[in-house]
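Have a look at the structure below, then the notes.
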Amino acid sequence: MSNHRSTVITGISELVTNDDANGGVIRDAALVMEGDRIAWVGRAHSAPDADRRVGVEGRALLPGWVDSHTHMVFAGDRTAEFEARMAGEAYAAGGINVTVAATRAASDSELAATLLRLVGEARRGGTTVIETKTGYGLTVADEVRSARVAAEQADAVTFLGAHVVPDGSDPDAYLELVTGPMLEAVADHVSSVDIFCETGAFDETATRRVLEAATARALDVRLHANQLQHGPGVQLAVEYRARSVDHLGFLNDNDIEDLAASWDGGTRGTVATVLPACDLSTRMPLAPARRLLDAGAVLAIASNCNPGTSYTSSMAFCVATAVLQMRLSVREAVRAATLGGAMSLGMHEDGWKDPRGIAQPAVGVIRVGARADLHLLDAPSATHLAYRPGVPVTRAVWRAGVQEV
Ligand SMILES: [Zn+2]
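Here the working numbering is used: position 382 in the sequence shown is 378, and no number is missing along the way.
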């Protein structure tokens, strides 16, 4: 069985591990993978033998990107809206309804083809774990088929029926639907429930109802919050022990302190997810990632890949932006785009359960027993991700031990 064969990768100039046991990085390193897992990590001179040997000649090796926030199940195009925004128009949450109409009109195979194209694009850029959301169907049938299509390609699927009130729907009746029959119909296909808590989308009362309904079904919760202005979303995320709260362009000191405190004394808290490509594409202020890290919050960086506000799957672009404009170090940004995303998805420790209830190895980290998700750069260090912004530096990608790029 070829998948049980072992492979040793040698000549790694910089191995970014995210493992505190070795300071998060090993220089002049080697790594052995066996089947879908990492079997050995250490200095090159003490590497064991393996069935196969791959020399990478002084290049950097990182965990694959964990993109913990995307919206890749959709149809249609919003180029005109982007052009209008670049010409000075403001973004409003209602733009989502343009994609809803196109998604409802598309066939399952059209939705699957778009998702496959975007997942392929993300893989070629070094992404090995992808979360994606429903939220462009907004009828029971269209949300269920969106979740089914998503589950065929994505590693984690999130129900976002509470994305926006669809055109022509009564807000109260729609909220009844989302928290009742729609949630019931999608619950078996998703691992978490998300809500867009924002002016023009859902207010605090509506957000609480969605969070209550999801929590009652023992589903994880996450929020889109404080994207367009300050709101109650961060406080609700902490109160309901959300896995993550995402966007975070507008935070006060209390929000930042409470996000940091959510991790006190435990391994389960609320991850603060920043979406730098979205901040740029909507010309909004960049989220205060530096302040979040300085306060002790757990940070994730994700692409928010979607046709309206962030049409990129490039985690390298997000990392470069986080370094150049959000003032993170390269190590901090890489960690947020790998381990941070894994923590948001609850996949950072060995034994996390996949949707079938099967225990899986950790992702977002390179250590013995973790999944062999590896991203080889065509560069001697991870610094080149920010030092050479816009240059495609991905050289090879392994996912669960299988070379995909
Ligand atoms: Zn989003």
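The beta-carbon is built from N, C-alpha and C at its ideal position, and this holds for glycine as well.
- Where Cys274 is concerned, there is no enclosing beta strand (DSSP E), although the alpha helix (DSSP H) around it starts and stops at 272 to 277.
- For Met29, the enclosing beta strand (DSSP E) covers residues 21 to 30.
- Looking only at Thr13, Arg49, Val4, Pro281, the smallest Cα-Cα distance to Gly336 is reached by Thr13.
- By the criterion of at least three beta-carbon pairs nearer than 8 Å, the region 323 to 341 is in contact with the region 297 to 312.
- In this chain, the beta strand (DSSP E) harbouring Cys193 covers 188 to 193.
- With a threshold of 16 other beta carbon atoms within 10 Å, His226 falls short and is exposed.
- The Cβ atoms of Val361 and Thr390 do not sit closer than 9 Å to each other.
- In the structure shown, the three-state DSSP call for Ile362 is coil.
- Assigned with DSSP and collapsed to three states, Ile354 falls in coil, not helix or strand.
- Per DSSP, the continuous alpha helix (DSSP H) segment holding Gly229 begins and ends at 229 to 235.
- Looking at the DSSP output, His243 shares a beta bridge with Ala221.
- Distance from the C-beta of Asp242 to the nearest heavy atom of ligand 1 is below 8 Å.
- By the criterion of a C-beta distance shorter than 7 Å, Ala238 is surrounded in its chain by Val217, Arg218, Leu219, Thr266, once the five residues flanking it on both sides are discounted.
- At least one heavy atom of ligand 1 falls within 8 Å of the beta-carbon of Lys129.
- With fewer than 16 neighbouring CB atoms inside 10 Å of its own CB, Ile354 falls in the exposed class.
- Leaving aside the five residues that flank Asn93 on each side, the residues in its chain whose CB is nearer than 7 Å to its CB run, in chain order, Val160, Pro162, Asp163.
- The residue among Tyr236, Val364, Asp199 with its C-alpha nearest the C-alpha of Ala210 is Tyr236.
- Rounded to the nearest angstrom, the Cβ distance from Gly131 to Leu156 is 3 Å, consistent with a contact under 8 Å.
- Per DSSP, Asp254 is one residue of the alpha helix (DSSP H) stretching across 249 to 257.
- Ligand 1 approaches Asn300 closely enough that one of its heavy atoms is under 8 Å from the residue's Cβ.
- With a cut-off of 8 Å, the C-beta of His220 is classified as near ligand 1, since at least one heavy atom of the ligand falls inside that distance.
- Nearest Cα to Ser142 within the set Ser277, Gln231, Gly133: Gly133.
- Close CB contacts of Leu114 within its chain, under the 6 Å cut and outside five residues either way in sequence, are with Met68, Ser309 (chain order).
- Asp216 sits in a strand when the DSSP states are folded into three classes.
- For Ala35, the uninterrupted beta strand (DSSP E) segment begins and ends at 33 to 39.
- Ile34 is a Cβ neighbour of Arg363, given a cutoff of 9 Å.
- Shortest gap from the CB of Leu271 to any heavy atom of ligand 1: under 8 Å.
- In this structure, Ala147 sits away from Glu127, with a CB-CB distance that is not shorter than 9 Å.
- When DSSP states are grouped into helix, strand and coil, Arg384 belongs to the coil group.
- Beta-bridge annotation (DSSP): Glu10 is paired with Arg23, Ala56.
- In the displayed model, Gln149 falls within a helix according to three-state DSSP.
- At a threshold of 8 Å, Cys314 does not count as near ligand 1, since its beta carbon sits no closer than that to any of the ligand's heavy atoms.
- Note: Asn302 is bridge-paired with Ser306 in the DSSP secondary-structure output.
- Phe246 and Pro284 have their C-alpha atoms roughly 8 Å apart.
- Between Arg1 and the set Ser103, Val28, Asp24, the nearest pair of CA atoms involves Val28.
- With respect to the C-alpha of Ala56, the residue from Pro388, Leu373, Tyr383 having the closest C-alpha is Leu373.
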